[in-house]
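S.K.:
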Amino acid sequence: DSPLKAVQMLWVNLIMDTFASLALATEPPTEALLLRKPYGRNKPLISRTMMKNILGHAVYQLTLIFTLLFVGEKMFKIDSGRNAPLHSPPSEHYTIIFNTFVMMQLFNEINARKIHGERNVFDGIFRNPIFCTIVLGTFAIQESKRWNYNAYKERDKAQIVIVQFGGKPFSCSPLQLDQWMWCVFIGLGELVWGQVSIEEHAKYLLFL
């Protein structure tokens, strides 16, 4: 069975494209932006710094996702989702993969606020309430999807409506607190990895 279902990929596409574009496009201009020289007409659309960030974060995310996919069940001592039959109930294994992937996208949105090698990616973040609202709102919705499926058996009938539109369509199984914290911890690693990538000079990408 696929580790990411169609509805989950639609949600990921929504937060990576629509929400992220709205959040980053509403960044207010700064004095440093007004003082920066304009780009030449022959400059590439994707700079070496941007390419470095794209490839660097792709390596980080793919490494962690494949690690969770193939050895995640041993790390968390849970049943493997790879061996589950088709149309089986949602597994903790694949829920951790989905949740971790979303967490990495959320924290990488903070990295994407600075694209010229600035080290302080949090500079001026509170001057953009739309960005903060989108990131926190997405995090809250993501957490509610973890909780709603568990509520299916333990809450009253009012919660069943939330489950029907939150948990089951997203193929999510409830996670323990330590599993949730690991998902957030790996997502936070995006901020650390972003600082590491700043140290690497663009000259190493001259072959591109």
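Quick note: the sequence shown uses my numbering, first residue 1, plus one each step. All C-beta atoms, glycine included, are put in the ideal place defined by N, C-alpha and C. Remember, predicted model here, so these are calculated numbers, not experimental data.
1. Cβ of L64 within 9 angstroms of Cβ of G194?
2. Within its chain, find whatever has a CB closer than 6 angstroms to the CB of P209; leave out the 5 residues flanking it on each side and keep chain order.
3. Let me know if P28 comes out buried or exposed under the rule of 16 or more other beta-carbons within 10 Å of its beta-carbon.
4. Roughly how far, in whole angstroms, is the beta-carbon of T100 from the beta-carbon of L55, given that I think they are within contact range, below 8 angstroms?
5. Any idea what DSSP makes of C172, helix, strand or coil?
6. Give the list of continuous alpha helix (DSSP H) stretches no shorter than 4 residues that lie fully inside the stretch 17-98.
7. Rounded to whole angstroms, what is the Cα-Cα separation between L86 and K5?
8. Nearest-angstrom Cα distance between M50 and V71?
9. Mark I97 as exposed unless 16 or more other C-beta atoms lie within 10 angstroms of its C-beta, in which case mark it buried.
10. Does the Cβ-Cβ distance between D1 and Y94 come in under 9 angstroms?
11. Using the C-alpha atoms, what's the distance from V121 back to A25?
12. In the structure shown, what three-state DSSP assignment does L4 receive?
13. Leaving out five residues before and five after A32 in sequence, what residues of the same chain have Cβ atoms less than 7 angstroms from its Cβ?
14. Report the residue from M103, L62, E92, T133 whose alpha carbon sits nearest the alpha carbon of F76.
M.R.: In short, the structure shows the following:
1. Within the sequence shown, residue 64 is the residue found at index 64, counting from 1. Within the sequence shown, residue 194 is the residue found at index 194, counting from 1. No, the pair does not count as a contact, with Cβ atoms beyond the cut-off.
2. A query on residue 209 cannot be resolved here, the shown segment of the chain reaching from 1 to 208 and no further.
3. In the sequence shown, the residue the question calls residue 28 occupies position 28. Around the beta carbon of P28, fewer than 16 other beta carbons sit within 10 angstroms, so the residue counts as exposed.
4. As a first step, residue 100 must be located in the sequence shown, where it is residue number 100. As a first step, residue 55 must be located in the sequence shown, where it is residue number 55. 20 angstroms between Cβ atoms; not a contact.
5. Along the sequence shown, read from residue 1 onward, the residue named residue 172 stands at position 172. Per DSSP, reduced to three states, the secondary structure at C172 is coil, with no helix or strand assignment.
6. If we require 4 residues or more, the alpha helix (DSSP H) runs fully inside the stretch 17-98 come out as 20-25, 31-35, 48-76.
7. The count along the sequence shown starts at 1 and reaches residue 86 at position 86. The count along the sequence shown starts at 1 and reaches residue 5 at position 5. The alpha-carbon atoms of L86 and K5 are separated by roughly 12 angstroms.
8. In the sequence shown, the residue the question calls residue 50 occupies position 50. In the sequence shown, the residue the question calls residue 71 occupies position 71. Using only the alpha carbons, I get a separation of about 31 angstroms.
9. Here residue 97 refers to the residue found at position 97 when the sequence shown is read from its first residue. Burial of I97 is indicated by the presence of at least 16 other C-beta atoms within 10 angstroms of its C-beta.
10. Position 1 of the sequence shown, counting from 1, holds the residue named residue 1. Position 94 of the sequence shown, counting from 1, holds the residue named residue 94. Yes, these two residues count as a Cβ contact at 9 angstroms.
11. Within the sequence shown, the letter at position 25 stands for residue 25. Within the sequence shown, the letter at position 121 stands for residue 121. One Cα belongs to A25, the other to V121, and the distance between them is close to 16 angstroms.
12. Numbered from 1 along the sequence shown, position 4 holds the residue referred to as residue 4. In this structure, DSSP gives L4 a state outside helix and strand, which the three-state scheme calls coil.
13. Stepping through the sequence shown from its first residue, residue 32 is reached at position 32. Nothing meets the Cβ criterion.
14. Locating residue 76 in the sequence shown gives position 76, counting from the first residue. Nearest option by C-alpha distance: E92.
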